[in-house]
Amino acid sequence: MSDSKEFAVPSLPTQKQQKLDTSTPAPAPPPLKENLKRTPQPPPLNYDKPSWSAEPSYKYQLEVLKNGASLETVQGPRKEFVTIGRLPICDIPMEHPSISRYQAIIQFNHDGDAFLYDMDSAHGTKVNKKLVPGREYVQLKPGDQIRFGESTRLCIFDSEKPYDPEAEAEEKHQIALKKRLAKARGELQQHQTEDVVSEGISWGFQEDAEEEEDEEEENGEENTAQDIEANLDKSGDASLLSAEAEKMAIEDAKRRREDLKIMYDDDSDEELYDKTSRKKKKVEKADTHEDLVKKQKQAENDIAKIEKEIQEKKEAQTKKDNDAAVTEEDLDAYMNKLTKKSSNNKSLFALQKELNQLKKDNDRLIKLVKLTKPSSIL
Numbered sequence: 001m002s003d004s005k006e007f008a009v010p011s012l013p014t015q016k017q018q019k020l021d022t023s024t025p026a027p028a029p030p031p032l033k034e035n036l037k038r039t040p041q042p043p044p045l046n047y048d049k050p051s052w053s054a055e056p057s058y059k060y061q062l063e064v065l066k067n068g069a070s071l072e073t074v075q076g077p078r079k080e081f082v083t084i085g086r087l088p089i090c091d092i093p094m095e096h097p098s099i100s101r102y103q104a105i106i107q108f109n110h111d112g113d114a115f116l117y118d119m120d121s122a123h124g125t126k127v128n129k130k131l132v133p134g135r136e137y138v139q140l141k142p143g144d145q146i147r148f149g150e151s152t153r154l155c156i157f158d159s160e161k162p163y164d165p166e167a168e169a170e171e172k173h174q175i176a177l178k179k180r181l182a183k184a185r186g187e188l189q190q191h192q193t194e195d196v197v198s199e200g201i202s203w204g205f206q207e208d209a210e211e212e213e214d215e216e217e218e219n220g221e222e223n224t225a226q227d228i229e230a231n232l233d234k235s236g237d238a239s240l241l242s243a244e245a246e247k248m249a250i251e252d253a254k255r256r257r258e259d260l261k262i263m264y265d266d267d268s269d270e271e272l273y274d275k276t277s278r279k280k281k282k283v284e285k286a287d288t289h290e291d292l293v294k295k296q297k298q299a300e301n302d303i304a305k306i307e308k309e310i311q312e313k314k315e316a317q318t319k320k321d322n323d324a325a326v327t328e329e330d331l332d333a334y335m336n337k338l339t340k341k342s343s344n345n346k347s348l349f350a351l352q353k354e355l356n357q358l359k360k361d362n363d364r365l366i367k368l369v370k371l372t373k374p375s376s377i378l
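Heads up: the sequence shown begins at 1 in full-length UniProt numbering, then just goes up one per residue.
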């Protein structure tokens, strides 16, 4: 019987097994090195968007070139401003070591215009081979070449906003002309003010008199200049302007030569001092009421004479224009006649200018005559 039955193997006691399990605890796993390291935080962006900041109205992109070959085209994100730099959190990251962590920013406005803003980077940013000033906005145009730092890669900016180079060039040309015209007007006004101050007697009313004369002078010169310019081609005086300019240059040269003669032809410094003293006393001598009356009458006579001469010249020019279709002259005879006319007769332009000056002088003399009139005559 005992051979037919299997022998049962006794199991271990439960309490001893639990005690064996708890007496040899498993060692804890070592802490990971990644958990001990802290994640680095990117530096703050030192940039405040301007008040005119806005999202781009048109799509834009940057085409990256190297050695003339296109590497990639980066489509710009639709944000008010786009950061460019070596940090991976930048909107357009760059990998060249010369590029700063925050190299530059592309800022947009409400009109869809793009502006490049360099963040005072170490190696700077160039647009069309020109270094961009730090912390200043430089407008970008389609086709502009941008180089960040010392990178050999070139970025071509492109935008869907319509761009007309000819219109921009014309606008710049008009702005330059306006600046030159304003500068010329300022110099002319300064010369006119100096001439008015150096002329005549003020009698304590110099400031008021100048203001009234300046207003009359500006209105008169504007009207006269428009009328003369409109009639230059008709009257034929445009060809004589060079002769008038040459004549004025000769007179100015004579005056300068006389001044030099006074300075260097004297035998001693005392004679030079005496001449300048006499000249100064002569200028400071005041005109009497009778002298002013004579000058005022002479000015009226000169005005009437020049007005008559201008009228005769206009009538002669009208007659000449009517006969121009049937008149044939030899070229040499015509040139001789033109030279004789320019040397002997004054042009309509010069006469009109002289008439305006005489009218201003006459108005000033009338005021001075009234101011200097004796009380007995009043």
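Cβ coordinates follow ideal geometry from the N, Cα and C atoms, glycine included. From a predicted model like this one, the values you see are computed outputs, not experimental measurements.
Note that the C-beta distance between E80 and E55 is below 7 angstroms. Annotation: E251 to E258 spans about 11 angstroms, alpha carbon to alpha carbon. Here DSSP, grouped into helix, strand and coil, assigns A286 to coil. Nearest C-alpha to V138 among A253, L116 and A350: L116. Separation of T152 and D158 (C-alpha to C-alpha, rounded to the nearest whole angstrom) is 19 angstroms.
Cβ neighbours of E136 within its own chain (closer than 8 angstroms, five residues either side excluded): Y117 and D118. Counting along the chain, the unbroken beta strand (DSSP E) around I105 starts and ends at A104 to F108.
In the DSSP assignment, I156 falls within the unbroken beta strand (DSSP E) covering L154 to S159. Note on S100: 16 or more other CB atoms within 10 angstroms of its CB, so buried under the neighbour-count rule. For a cut-off of 8 angstroms, the C-beta gap from I92 to P42 is around 15 angstroms, too long to register as a contact.
With contacts defined by Cβ atoms closer than 7 angstroms, V132 and I106 do not form a contacting pair.
Two segments are said to touch when three or more pairs of C-beta atoms, one from each, lie closer than 8 angstroms; by this definition the region 283 to 299 touches the region 351 to 364. Rounded to the nearest angstrom, the gap between the Cα atoms of E171 and I366 is 48 angstroms. Contact check for G112 against Y58 passes: the beta carbons are separated by less than 7 angstroms. When the Cα atoms are used, L140 and K183 turn out to be separated by approximately 30 angstroms.
Here Q145 is bridged, per DSSP, to I156.
DSSP places K129 outside both helix and strand once states are collapsed to three, so it counts as coil. Annotation: L371 to N301 spans about 22 angstroms, alpha carbon to alpha carbon.
In the structure shown, Q139 adopts extended strand secondary structure according to DSSP, grouped into three states.
In the assembly as shown, G186 is an exposed residue. Its beta-carbon has fewer than 16 other beta-carbons within 10 Å. Q189 and R86 have their C-alpha atoms some 57 angstroms from each other. If you ignore the 5 residues before and after L62, its C-beta comes within less than 8 angstroms of the C-beta of T73, V74, G76, I92, I146, C155, I156, F157 and D158, all in its own chain and listed in chain order. Boundaries of the alpha helix (DSSP H) around D363: L348 to T372.
Under DSSP, K172 forms no beta bridge with any residue. An exposed status is given to Q174, since fewer than 16 other beta-carbon atoms sit within 10 Å of its beta-carbon.
In the three-state reduction of the DSSP assignment, L87 falls in the coil class, being assigned neither a helical nor a strand state. Along the region 37 to 69, the beta strand (DSSP E) occurs as fully enclosed runs of 3 or more residues at 60 to 66, listed in sequence order. Within a 10 Å sphere around the beta-carbon of L368 sit 16 or more other beta-carbons, which makes this residue buried. Rounded to the nearest angstrom, the gap between the Cα atoms of Q357 and A350 is 11 angstroms.
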